[in-house]
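**Q**
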Amino acid sequence: MAEISIKTPDFVNVVISTSCEANYVEKRYHKGITVQDLKGKLEVVTGGSAATMKVKVFDKADKLICELTDDNALFGSYPIDEGMRIHVEDQFVLRKQLDDEFQVQKFELTEQEYENRSTR
1 MAEISIKTPD FVNVVISTSC EANYVEKRYH KGITVQDLKG KLEVVTGGSA ATMKVKVFDK
61 ADKLICELTD DNALFGSYPI DEGMRIHVED QFVLRKQLDD EFQVQKFELT EQEYENRSTR
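In this text, residue positions in the sequence shown follow UniProt numbering: the first is 1, and each later residue adds one.
Next comes the structure, spelled out in structure tokens:
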């Protein structure tokens, strides 16, 4: 019996989307990282929390392929091909807090107060 081997590229280009905004980002990830490591990288890109995010994979026709549920599994063990979309669902609590300008206490001066300030 002949030995069977599957050869695929070590990296895959995917499109990242979130439940928080309509913008897409294209990124390249190594298939040898764990899902937990991928979530850490997605945390930086999306502003979601790796601990609470749900990650779903869609094909180019926008059909749901799978959900990345096993944090210890290798990213490449899931059926992910070039150009597929990784969709991150999360509450984006920190991001919303940073984006909400009404929660930020601001220091404001009137024009007159600004003119009266001295510089040393």
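Each residue gets a CB set at the ideal place from its N, CA and C atoms; glycine is no exception.
At which residues does the alpha helix (DSSP H) containing residue 172 begin and terminate?
**A** Residue 172 lies beyond the residue range present for the chain, which begins at 1 and ends at 120; the question has no answer from this structure.
**Q** Taking only runs that begin and end inside the region 1–50, name each unbroken alpha helix (DSSP H) of 4 or more residues, in chain order.
**A** Fully enclosed alpha helix (DSSP H) runs of 4 or longer: 35–46.
**Q** In the DSSP output, which residue or residues are listed as bridge partners for F58?
**A** Paired residues: L64, R85.
**Q** My output table needs one value for H108: the three-state DSSP class, helix, strand or coil.
**A** Reading off the sequence shown, one finds Glu at residue 108, where the question assumed His. Three-state DSSP puts E108 in coil, outside helix and strand.
**Q** Taking 8 Å as the cut-off, decide whether the C-beta atoms of I65 and M84 are in contact.
**A** Closer than 8 Å, so yes.
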